[in-house]
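Everything below concerns the one structure shown next.
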Amino acid sequence: FCHEHTMREIGKLPALVGCKPVLRLGDVSNNKADGDKPAVTDNGNYIVDLVFTDPIKDPVAAGKQLKDTVGVVDHGLFTGMTTAVIIAGKEGITVKEA
755 FCHEHTMREI
765 GKLPALVGCK
775 PVLRLGDVSN
785 NKADGDKPAV
795 TDNGNYIVDL
805 VFTDPIKDPV
815 AAGKQLKDTV
825 GVVDHGLFTG
835 MTTAVIIAGK
845 EGITVKEA
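Sequential numbering from 755 applies to the sequence shown in our numbering.
Below you can see the structure in the form of structure tokens.
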């Protein structure tokens with residue numbers, strides 16, 4: 755693996771300015787660090803979580819730039835797949851339409 759290099763490259767992507775790539779440690783099935791060894795998927799890949807200080811301004815561009823980065827297998831930005839999103843939060847449920 756060359757995850758350190760890939761993480762550095764992700765941190766330089768224009769559409770992801772302000773993000774901090776963090777290697778997930780511990781169990782692959784949750785979203786928190788609960789161990790001291792890298793979380794490894796069933797295909798043998800490491801998971802890198804991106805921590806943001808500001809919202810992503812252009813998720814479509816971010817997804818494309820991630821996919822075009824050598825070492826990135828896939829990402830969790832599901833763009834172009836729906837026309838609405840339902841958000842449940844402290845203030846209740848809201849629906850945002852495209």
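Note that beta-carbon positions come from the ideal geometry of N, C-alpha and C, so glycine has one too.
Since we're looking at a predicted model, the values are computed, not measured.
Among the options, nearest to residue i - alpha-carbon criterion
{"i": "Val826", "options": "Asn785, Ile810, Asn784, Asp803", "result": "Asp803"}
{"i": "Val839", "options": "Ile810, His829, Lys850", "result": "Lys850"}
{"i": "Lys774", "options": "Ile810, Phe806, Val814, Phe832", "result": "Phe806"}
{"i": "Pro768", "options": "His759, Asp790, Asp812, Thr795", "result": "Asp812"}
{"i": "Leu770", "options": "Thr795, Val814, Ile810", "result": "Ile810"}
Status (buried if at least 16 other CB within 10 Å, exposed otherwise) for residue i
{"i": "Arg778", "result": "buried"}
{"i": "Ile764", "result": "buried"}
{"i": "Ala852", "result": "exposed"}
Distance, residue j Cα to residue i Cα
{"i": "Gly817", "j": "Val824", "result": "13 Å"}
{"i": "Met761", "j": "Thr836", "result": "29 Å"}
{"i": "Leu793", "j": "Val776", "result": "Here the sequence assigns Ala to residue 793, which means Leu is not the residue at that position. The straight-line gap from Cα to Cα measures roughly 11 Å."}
{"i": "Asn785", "j": "Asp828", "result": "16 Å"}
Strand pairing of residue i, partner residues [DSSP]
{"i": "Val849", "result": "Ile840"}
Residue i vs residue j beta-carbon contact at 9 Å
{"i": "Tyr800", "j": "His759", "result": "no"}
{"i": "Ala787", "j": "Gly798", "result": "no"}
{"i": "Ile841", "j": "Thr848", "result": "yes"}
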